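*Asks:* Numbering of the sequence shown is given in this note's numbering, commencing with residue 1281 and proceeding in unit increments. Okay, handing you the structure first.
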Amino acid sequence: MLENGKIGSRQLTILVILYTIGDSILVIPSIVASEAEQDVWISGIVSVAIAPLLMVFLYDALRKCYPDLTVVEYSQKILGKWLGIALSLLLISYFFITAATYLREMGDFITIQMMPDTPIQVIIVLFLSIVLMATRLGLEPLARSAEILFPFVVILLLSLMIFLLPEIQFQNLQPVLEGGLKPVIKGSIPFIVFPFIEPVAVLMILPFVSQKNRIRKSLLVGQFLAGGVLIIITMLAILVLGSDSTAREIYPTYTLAKKINIADFLTRLEAILAIIWFITIFIRFSLFFYATVLGLAQTLQLRDYRYLVFPIGMILVVFTIIMAPNTVHYNKMISDIWPYYALTFGFLIPLLLLIIAKVQKIGGSN
């Protein structure tokens, strides 16, 4: 066992809430509004009604086949050594590339919105340094840090919602279902994929939850609560900015926070949104980077995954910079290609593993 730490069900719930919100709080309103326009709230409700139940029962059923193993380990049990190693390496590459997208997103956001004269490489290296430290410390300290940061996220989210109430314009939600159900369904796909299907890396930490019988409940509660937050934030973006402005903006929720104006005294409180996003993206990024190095160490049968943290971190910096030549190219990749890529690794591969494991179990019992 390369990871000796244990986390409780409450810590798992908090981790799930934070990583599900993740970068979605910043980018989901724009992506969904470009498809569903003013009906994004319907897309959100449809997504949150379907995705948590579907993904949690899939992941929990798969976990129960091998409760003490990570997805990288039981892939080899289910598929055999060589095919299992090949799939493990594919999963690890997905964790690595996804971590790179978060790092690039952090660099783009800060250089575009806050520090335009700062080289993106500096931002990337500074943020990655924190994640490397968290990964080296292990899963338990990461879960404790999530517990400590969680109340701040709750307070800031409530503050953001309350401060935006005077800016709401309900006519922005009309007309309802103007384009029929097709735009709503198209808008629900990214709302399902980005928050709920993309974080398949959670399968790398479930063996380390001490209360096995509460895992399903923790996953469900965490995803439903986070989904509710994303619906509210997306609705606020439409209610305050309108569907056209929300779809055009790269970071509509950050623009949303700029609209806060309480008696001309409390104004431009975009720092609230930035802090929320920094915390949630830190947890999500750390989860994926941890899954990358732990999975690679398990595949290579190393004694300690910590040997890989800094080498993989240095490779990640280079890959993050060269993966997209500019922000426009990166955003197009995320909106056009990424949902299908994430759907393959977050849903189709776990479903395939579960089917094969169940068939093997039936065959073994006969």
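All C-beta atoms, glycine included, are put in the ideal place defined by N, C-alpha and C. Everything numeric in this text was worked out from a predicted model, so none of it was measured.
#1: If I measure Cβ to Cβ from Leu1665 and keep anything under 7 Å in the same chain, skipping five residues before and after, which residues do I get?
#2: Shortest alpha-carbon distance to Ala1316 belongs to which of Tyr1531, Ala1527 and Ile1636?
#3: In the DSSP assignment, the alpha helix (DSSP H) including Met1335 goes from what residue to what residue?
#4: Could you spell out where the alpha helix (DSSP H) holding Arg1424 opens and where it closes?
#5: Alpha helix (DSSP H) containing Pro1396: first to last residue?
#6: Apply the 10 Å Cβ neighbour rule to Glu1458 and answer buried if 16 or more other Cβ atoms are within range, or exposed otherwise.
#7: In the DSSP assignment, the alpha helix (DSSP H) including Gln1503 goes from what residue to what residue?
#8: Can you tell me whether Val1489 is helix, strand or coil according to DSSP?
#9: Report whether the distance from the Cβ of Phe1568 to the nearest heavy atom of the ligand PLP is below 6 Å.
#10: My guess is that Thr1300 and Pro1475 are in contact by the Cβ rule of under 8 Å, so how many angstroms apart are they, rounded?
#11: Using 7 Å as the threshold, is the C-beta distance between Glu1283 and Leu1419 below it?
#12: Under 8 Å Cβ to Cβ from Tyr1587, same chain only, skipping five residues before and after it: list those, please.
#13: Give the range of the alpha helix (DSSP H) segment to which Ile1602 is assigned.
#14: Between Val1352 and Ile1372, how many whole angstroms is the CB-CB distance? I'm expecting something under 8 Å.
#15: Can you find the residues in the same chain that come closer than 6 Å, C-beta to C-beta, to Tyr1354, ignoring five residues on each side of it along the sequence?
#16: Figure out for me which residue from Thr1293, Gly1467 and Ile1559 has the closest Cα to the Cα of Ser1615.
#17: Give the DSSP bridge partners of Asn1284, in chain order.
#18: Bridge partners for Pro1541 per DSSP, in chain order?
#19: If you run the structure through DSSP and keep just helix, strand and coil, what is Asn1452?
#20: What is the residue span of the alpha helix (DSSP H) that Gly1467 lies within?
#21: Could you tell me the distance, in whole angstroms, from the CA atom of Val1597 to the CA atom of Tyr1621?
#22: Sort Gly1364, Gly1285, Arg1416 and Glu1385 by Cα distance to Ile1305 and report the nearest one.
#23: For Pro1470, decide whether its Cβ has a neighbour in chain D, counting only Cβ atoms nearer than 7 Å.
#24: Taking all protein chains shown into account, do 16 or more other C-beta atoms lie within 10 angstroms of the C-beta of Ile1308, making it buried, or fewer, making it exposed?
#25: Pop quiz: Leu1536 and Asn1452 are said to be a contact at Cβ under 8 Å. What is the actual Cβ separation, rounded to whole angstroms?
#26: Does the distance from the CB of Gly1387 to the CB of Ile1365 come in under 7 Å?
#27: Can you say whether Leu1483 is buried or exposed, counting buried as having 16 or more other CB atoms within 10 angstroms of its CB?
#28: Can you give me the Cβ contacts of Ile1542 inside the same chain, cut-off strictly under 7 Å, excluding the 5 residues immediately before and after it?
#29: In angstroms with no decimal places, state the Cα-to-Cα distance between Ala1426 and Ile1563.
#30: How long is the line joining the alpha carbons of Ile1636 and Lys1361, rounded to whole angstroms?
#31: Between which two residues does the alpha helix (DSSP H) containing Glu1458 stretch?
#32: How about Phe1568 and Ala1379: do their beta carbons lie closer than 7 Å?
#33: Measuring alpha carbon to alpha carbon, tell me which residue in Gln1454, Met1441 and Leu1429 is nearest Gly1522.
#34: Identify which residue in Gly1285, Leu1298 and Lys1286 has its Cα closest to the Cα of Val1501.
#35: Is the separation between the beta-carbon of Thr1415 and that of Val1296 shorter than 7 Å?
#36: Confirm, please, whether the CB-CB distance from Leu1429 to Ile1559 is below 7 Å.
*Replies:* Looking at the atomic coordinates:
#1: One cannot answer for residue 1665 here, as it falls past the ends of the chain, which runs 1281 to 1646.
#2: One-based indexing of the sequence shown puts residue 1316 at position 36. Of Tyr1531, Ala1527 and Ile1636, the residue nearest in Cα terms is Ala1527.
#3: As a working mapping, residue 1335 is identified with position 55 in the sequence shown. Its alpha helix (DSSP H) spans residues Val1320 to Cys1345.
#4: Here residue 1424 refers to the residue found at position 144 when the sequence shown is read from its first residue. Run containing Arg1424: Leu1419 to Leu1444, per the alpha helix (DSSP H) assignment.
#5: As a working mapping, residue 1396 is identified with position 116 in the sequence shown. Taken as a continuous stretch (DSSP letters only), Pro1396 belongs to no alpha helix (DSSP H), as it is neither H nor E.
#6: Along the sequence shown, one-based indexing puts residue 1458 at 178. Glu1458 is exposed by the Cβ-count criterion.
#7: By one-based count along the sequence shown, residue 1503 stands at place 223. Bounds of the alpha helix (DSSP H) holding Gln1503 are Ile1495 to Leu1521.
#8: As a working note, residue 1489 is residue 209 in the sequence shown. Strand at Val1489.
#9: You won't find the ligand PLP in this model; it holds no ligand whatsoever.
#10: For this step, residue 1300 is matched to residue 20 along the sequence shown. For this step, residue 1475 is matched to residue 195 along the sequence shown. With a Cβ gap of about 5 Å, Thr1300 and Pro1475 count as contacting.
#11: Residue mapping note: residue 1283 aligns to position 3 of the sequence shown, counting from 1. Residue mapping note: residue 1419 aligns to position 139 of the sequence shown, counting from 1. The answer is yes: Cβ separation under 7 Å.
#12: To locate residue 1587, count along the sequence shown from 1; it is residue 307. Excluding positions up to five away in sequence, the list reads Ala1577.
#13: Indexing the sequence shown from 1 puts residue 1602 at position 322. Counted as a single uninterrupted DSSP element, the alpha helix (DSSP H) harbouring Ile1602 occupies residues Val1589 to Ile1602.
#14: If you number the sequence shown from 1, residue 1352 lands on position 72. If you number the sequence shown from 1, residue 1372 lands on position 92. Yes, they are in contact, since the Cβ atoms of Val1352 and Ile1372 sit about 7 Å apart, within 8 Å.
#15: Locating residue 1354 in the sequence shown gives position 74, where the first residue counts as 1. Result list for Tyr1354: Tyr1346, in chain order.
#16: Taking the first residue of the sequence shown as position 1, residue 1615 is located at position 335. Residue Gly1467 holds the alpha-carbon nearest to the alpha-carbon of Ser1615 among Thr1293, Gly1467 and Ile1559.
#17: Stepping through the sequence shown from its first residue, residue 1284 is reached at position 4. DSSP lists no partner for Asn1284.
#18: Taking the sequence shown and counting its residues from 1, the one referred to as residue 1541 is at position 261. In the sequence as displayed, the identity of residue 1541 is Asn instead of Pro. Answer is Thr1547.
#19: Sequence index remark: in the sequence shown, residue 1452 carries index 172 (1-based). Asn1452: helix per DSSP, three-state reduction.
#20: Position 187 of the sequence shown holds residue 1467. Start and end: Leu1461 to Ile1472.
#21: Taking the first residue of the sequence shown as position 1, residue 1597 is located at position 317. Taking the first residue of the sequence shown as position 1, residue 1621 is located at position 341. If you take the alpha carbons of Val1597 and Tyr1621, they lie about 21 Å apart.
#22: Within the sequence shown, residue 1305 is the residue found at index 25, counting from 1. Nearest C-alpha to Ile1305: Glu1385.
#23: Considering every chain present, this structure includes no chain D. It has just one protein chain.
#24: Looking up residue 1308 in the sequence shown gives position 28. Classification of Ile1308: buried, given that the 10 Å Cβ count is 16 or more.
#25: For the purposes of this step, residue 1536 is taken as residue 256 along the sequence shown, with counting starting at 1. For the purposes of this step, residue 1452 is taken as residue 172 along the sequence shown, with counting starting at 1. At roughly 12 Å, the Cβ-Cβ gap does not stay under 8 Å, so Leu1536 and Asn1452 are not in contact.
#26: Here residue 1387 is taken as the residue at index 107 of the sequence shown, counted from 1. Here residue 1365 is taken as the residue at index 85 of the sequence shown, counted from 1. No, the Cβ-Cβ distance between Gly1387 and Ile1365 is not below 7 Å.
#27: For the purposes of this step, residue 1483 is taken as residue 203 along the sequence shown, with counting starting at 1. When all chains shown are included, Leu1483 counts as buried.
#28: Here residue 1542 refers to the residue found at position 262 when the sequence shown is read from its first residue. Around Ile1542: Phe1443.
#29: Working through the sequence shown from its first residue, we reach residue 1426 at position 146. Working through the sequence shown from its first residue, we reach residue 1563 at position 283. Here the alpha carbon of Ala1426 sits roughly 7 Å from the alpha carbon of Ile1563.
#30: Here residue 1636 corresponds to residue number 356 of the sequence shown, with the count starting at 1. Here residue 1361 corresponds to residue number 81 of the sequence shown, with the count starting at 1. Taking the straight line from one Cα to the other gives about 15 Å.
#31: In the sequence shown, the residue the question calls residue 1458 occupies position 178. Taken as a continuous stretch (DSSP letters only), Glu1458 belongs to no alpha helix (DSSP H), as it is neither H nor E.
#32: As a first step, residue 1568 is located in the sequence shown; it is residue number 288 there, counting from the start. As a first step, residue 1379 is located in the sequence shown; it is residue number 99 there, counting from the start. Contact flag set, yes.
#33: The count along the sequence shown starts at 1 and reaches residue 1522 at position 242. When only C-alpha atoms are compared, the closest one is Gln1454.
#34: Counting from one through the sequence shown, the residue named residue 1501 turns up at place 221. Answer by Cα proximity: Leu1298.
#35: Against the sequence shown, residue 1415 aligns to sequence position 135. Against the sequence shown, residue 1296 aligns to sequence position 16. Not a contact, by the Cβ cut-off of 7 Å.
#36: On the sequence shown, position 279 is the one that residue 1559 refers to. On the sequence shown, position 149 is the one that residue 1429 refers to. Closer than 7 Å, so yes.
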